[in-house]
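> Here the protein sequences line up with chains U and A, keeping their order.
So the number in our numbering is just where the residue sits in the first sequence, counting from 1, plus 10.
So the number in our numbering is just where the residue sits in the second sequence, counting from 1, plus 10.
Glycine included, every Cβ here is placed at the ideal spot set by N, Cα and C.
There are 2 protein chains.
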Amino acid sequence: MSTVPAFKRLPRAVREQQMLDAAVRVFSRRGFHAASMDEIAEDAGISKPMVYAYLGTKEELFVACLHREGTRMMQAIAGAAAPDLPADERLWRGLRAFFGFVGAHRDGWAVLYRQARGEQPFAGELAAMRARLVEVVAGMLDHALRAEGREIAAVDLEVVAYALVGASESLADWLADHPEADPEKTATRMMNVAWLGAAQLLHGVTWRPPTH
Amino acid sequence: MSTVPAFKRLPRAVREQQMLDAAVRVFSRRGFHAASMDEIAEDAGISKPMVYAYLGTKEELFVACLHREGTRMMQAIAGAAAPDLPADERLWRGLRAFFGFVGAHRDGWAVLYRQARGEQPFAGELAAMRARLVEVVAGMLDHALRAEGREIAAVDLEVVAYALVGASESLADWLADHPEADPEKTATRMMNVAWLGAAQLLHGVTWRPPTH
DNA sequence: GCGTAACCCTACGCACGAGTAGGTATGCTC
DNA sequence: GAGCATACCTACTCGTGCGTAGGGTTACGC
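(1) So U/H43 is in the alpha helix (DSSP H); what residue range does that whole segment cover?
(2) So, is the C-beta of U/H188 closer than 7 Å to a C-beta in chain A?
(3) Can you say whether U/R218 is buried or exposed, counting buried as having 16 or more other CB atoms within 10 angstroms of its CB?
(4) Alpha carbon to alpha carbon, how far is A/G207 from U/L105? Give it in angstroms, no decimals.
(5) Give me, in chain order, the residues of the same chain whose beta-carbon lies closer than 6 Å to that of U/M117; leave out the 5 immediate sequence neighbours on both sides.
(6) Quick one: what does DSSP say U/P189 is sitting in, helix, strand or coil?
(7) Does U/P219 come within less than 7 Å of chain A when only Cβ atoms are used?
(8) Under a CB-based cut-off of 7 Å, is A/S57 close to chain U?
(9) Taking beta-carbon pairs under 9 Å, can you tell me which members of the segment 197 to 215 of chain U lie near chain A?
(10) I'd like the span of the alpha helix (DSSP H) that includes U/G159, first residue to last.
(11) Nearest to U/A45 by alpha carbon, out of A/E129, A/V24, A/E49, A/A197?
(12) Using 10 angstroms around the beta-carbon of U/D183, count the other beta-carbons present and answer buried if the total reaches 16, otherwise exposed.
(13) Compare the Cα-Cα distances from A/V121 to each of A/R199, A/G176, A/A186 and report the closest residue.
(14) Name, going along the chain, the residues of the segment 114 to 127 of chain A whose beta-carbon falls closer than 7 Å to a beta-carbon of chain U.
(15) So, does the CB of U/S180 fall closer than 7 Å to a CB anywhere in chain A?
(16) Roughly how many whole angstroms lie between the Cα atoms of U/R100 and A/L212?
(17) Provide the residue span of the alpha helix (DSSP H) that contains A/Y64, from first to last.
(18) Please identify, using Cβ separations under 9 Å, the residues of the segment 78 to 106 of chain U that lie next to chain A, in order along the chain.
(19) Quick check on DSSP: helix, strand or coil for U/T221?
(20) Cutting at 7 Å between CB atoms, please list the residues of its own chain near A/K68, excluding the five before and the five after it.
(21) Taking the alpha carbon of A/V165 as the point to measure from, which residue in U/R22, U/D192, U/T81, U/R156 has its own alpha carbon closest?
(22) Between the alpha carbons of U/P15 and U/A63, how many angstroms are there, rounded?
(23) Determine the burial state of A/H115: buried for a count of at least 16 other Cβ atoms within 10 Å of its Cβ, exposed for fewer.
(24) Under 7 Å, CB to CB, which of the residues in the segment 131 to 158 of chain U have a partner in chain A?
(25) For chain U, check one thing: does any of its Cβ atoms lie closer than 7 Å to the Cβ of A/G176?
(26) Throw me the rounded Cβ distance for the U/A177 and A/A177 pair, which I believe falls under 8 Å.
(27) Please report the straight-line C-alpha distance between U/A2 and U/L151, rounded to a whole angstrom.
(28) When you check each C-beta in the segment 40 to 53 of chain U against every C-beta of chain A, which residues fall closer than 9 Å?
(29) Exposed or buried, A/V170, counting other C-beta atoms within 10 Å across all chains shown (16 or more means buried)?
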């Protein structure tokens with residue numbers, strides 16, 4: 011008997027996205043280990059074997075979440091920071107996009123950074139993404155430096171970039187925990203710390219340890 | 011029959027430290043969840059019920075590790091940054107002590123930051139410690155500001171401090187993953203990023219978002 | 001209108017690891 | 001050297017949750 015459609019039996023592509031949505035929510039709420047596949051399935055309005063059929067084991071599912079959220083974030087940033095702008099403008103737009111993304115996807119951020127960092131199986135995945143970020147930032151700095159006719163050793167550049175990325179991640183955490191905070195304002199503050207320091211470096215000013 | 015002592019039957023205080031040593035090692039190697047109490051016990055050269063008798067459940071054990079390592083770190087920093095020095099000197103000494111500690115206690119650092127951050131039960135514990143760090147840094151900045159006859163809103167100060175702490179943590183992670191890197195040099199680099207930017211802020215220079 | 005493939009379910013097996021019960025040996029006090 | 005506390009062990013119980021076996025139902029091609 012043909013009852014109401016009962017909105018079931020959706021095509022695979024749709025269900026996979028629903029599952030990923032649910033997974034991101036649950037992982038972010040409980041953490042990787044405390045999250046159970048049963049809860050994810052229930053949250054997605056589907057039964058467990060379906061999750062296994064489509065997305066594989068728990069680890070694979072988590073990696074899939076990581077990938078989707080990470081890609082979205084990188085796209086948000088890349089889309090905002092056009093490569094033909096001056097360095098400070100690029101940095102500003104990149105930061106604004108970044109904090110905007112975190113503010114809008116607090117769940118995704120929690121999955122991405124708070125969970126993935128601790129668990130060895132995913133640390134590599136995460137490190138690769140961070141490396142791409144660092145590379146982008148280092149590229150900006152290097153570009154600005156050459157425009158000034160200066161150069162810095164590649165290692166130093168990378169470490170500075172690493173510090174900036176770290177500071178941003180830290181503020182992003184802060185933002186995720188303060189729902190009332192304004193992403194734009196946070197980006198401005200980060201820009202103040204980052205750019206004022208970086209600009210000094212770009213102009214050849216450096217700090218040297220006291221010798222005694 | 012009195013055989014060789016077989017180095018057993020140690021007083022509680024000693025065994026507790028051995029257990030904590032083992033726990034820090036195993037937690038840092040495996041992560042909180044993947045670490046088993048059996049492995050910790052074995053690594054400590056003792057049987058599992060002893061661990062339960064002395065340090066309690068797995069969570070309590072982890073908190074104990076967190077406490078010990080955290081206290082050691084805070085002491086290392088506090089001992090180095092005497093409060094009567096000028097701000098830049100304090101910051102420098104604090105950073106040097108911090109990176110020195112991380113370089114020497116990579117295991118402890120991994121437990122502290124990589125594990126504790128992700129798992130909700132310990133996030134609070136960790137946040138409290140970080141809050142103390144942020145407070146110290148914010149205090150330095152504030153002190154330096156007043157010396158210059160300036161003031162900044164407390165929130166901004168805290169956020170800047172938060173960013174600096176985050177950048178340091180990030181570089182500490184980097185340091186923990188690069189055994190060949192020199193803690194002192196890392197501290198110098200961090201000082202460059204942190205102080206050059208902060209000094210600008212202290213002198214009233216700020217960056218403002220473009221208005222268009 | 002009938003096969004076949006995609007979608008979806010209920011119900012289980014099974015390993016792993018936290019925590020404990022219950023007992024033994026060794027040193028310390030008096 | 002009797003009594004007692006402390007250090008220590010082997011050997012279990014038992015919940016939890018991952019992953020699967022095996023079977024049902026709807027759509028779609030032909």
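So, to answer that:
(1) As a working note, residue 43 of chain U is residue 33 in the first sequence. Run containing U/H43: none; DSSP gives neither H nor E here.
(2) By 1-based counting over the first sequence, the position of residue 188 of chain U is 178. U/H188 has a beta carbon lying at 7 Å or more from every beta carbon in chain A.
(3) Start at 1 with the first residue of the first sequence, and residue 218 of chain U comes out as number 208. Counting Cβ neighbours within 10 Å, U/R218 comes out exposed, since fewer than 16 surround it.
(4) Residue mapping note: residue 105 of chain U aligns to position 95 of the first sequence, counting from 1. Residue mapping note: residue 207 of chain A aligns to position 197 of the second sequence, counting from 1. The alpha-carbon atoms of U/L105 and A/G207 are separated by roughly 17 Å.
(5) Numbered from its first residue, the first sequence carries residue 117 of chain U at position 107. Contrary to the premise, residue 117 of chain U reads as Asp rather than Met in this sequence. Listed in chain order, the non-local C-beta contacts of U/D117 below 6 Å within the same chain comprise V34, R35, S38, local neighbours out to five positions each way being set aside.
(6) The residue given as residue 189 of chain U occupies position 179 in the first sequence. Coil, per DSSP.
(7) Here residue 219 of chain U is taken as the residue at index 209 of the first sequence, counted from 1. So yes, U/P219 belongs to the interface.
(8) In the second sequence, counting from the first residue as 1, residue 57 of chain A sits at position 47. Proximity of A/S57 to chain U, defined by a Cβ-Cβ separation below 7 Å, is not satisfied.
(9) The segment 197 to 215 of chain U vs chain A, Cβ under 9 Å: A197, T198, R199, M200, M201, N202, V203, A204, W205, L206, G207, A208, A209, Q210, L211, V215.
(10) For the purposes of this step, residue 159 of chain U is taken as the residue at position 149 of the first sequence. Run containing U/G159: none; DSSP gives neither H nor E here.
(11) On the first sequence, residue 45 of chain U is found 35 positions in, with the first residue counted as 1. Cα-wise, what sits closest to U/A45 is A/E129.
(12) Position 173 of the first sequence, counted from the start, is the residue given in the question as residue 183 of chain U. The residue in question, U/D183, is buried, as its Cβ has 16 or more Cβ neighbours within 10 Å.
(13) Your numbering for residue 121 of chain A matches position 111 in the second sequence. The option with the nearest alpha carbon to A/V121 is A/A186.
(14) Within the segment 114 to 127 of chain A, the residues whose Cβ lies closer than 7 Å to some Cβ of chain U are R124, Q125, R127, listed in chain order.
(15) Within the first sequence, the letter at position 170 stands for residue 180 of chain U. Closer than 7 Å: yes.
(16) By one-based count along the first sequence, residue 100 of chain U stands at place 90. By one-based count along the second sequence, residue 212 of chain A stands at place 202. Each residue's Cα considered, the two are about 25 Å apart.
(17) What you label residue 64 of chain A is simply residue 54 of the second sequence in a count that begins at 1. Segment 58 to 65, the alpha helix (DSSP H) holding A/Y64.
(18) Of all residues in the segment 78 to 106 of chain U, only D98, E99, W102, R106 come within less than 9 Å of chain A when Cβ atoms are compared, listed by chain position.
(19) Sequence index remark: in the first sequence, residue 221 of chain U carries index 211 (1-based). Secondary structure at U/T221: coil, using DSSP grouped into helix, strand and coil.
(20) Position 58 of the second sequence, counted from the first residue, corresponds to residue 68 of chain A. The answer, listed in chain order, is M47.
(21) Locating residue 165 of chain A in the second sequence gives position 155, where the first residue counts as 1. In terms of CA proximity to A/V165, U/D192 leads the group U/R22, U/D192, U/T81, U/R156.
(22) Along the first sequence, read from residue 1 onward, the residue named residue 15 of chain U stands at position 5. Along the first sequence, read from residue 1 onward, the residue named residue 63 of chain U stands at position 53. Only weak support is given to the placement of U/P15: the predicted model assigns it a pLDDT of 47, under 50, and the value that follows is read from those uncertain coordinates. Their Cα atoms are separated by approximately 23 Å.
(23) For the purposes of this step, residue 115 of chain A is identified with residue 105 of the second sequence, where counting begins at 1. When all chains shown are included, A/H115 counts as buried.
(24) If the cut-off is 7 Å between Cβ atoms, the segment 131 to 158 of chain U has nothing near chain A.
(25) Sequence index remark: in the second sequence, residue 176 of chain A carries index 166 (1-based). Judged by the 7 Å Cβ criterion, A/G176 is in contact with chain U.
(26) Sequence index remark: in the first sequence, residue 177 of chain U carries index 167 (1-based). Sequence index remark: in the second sequence, residue 177 of chain A carries index 167 (1-based). Right, their Cβ atoms sit about 4 Å apart.
(27) Because chain U here runs from 11 to 222, residue 2 of chain U falls outside it and cannot be looked at.
(28) Residues R40, G41, F42, H43, A44.
(29) Here residue 170 of chain A refers to the residue found at position 160 of the second sequence. Within 10 angstroms of the beta-carbon of A/V170 lie 16 or more other beta-carbons, which makes it buried.
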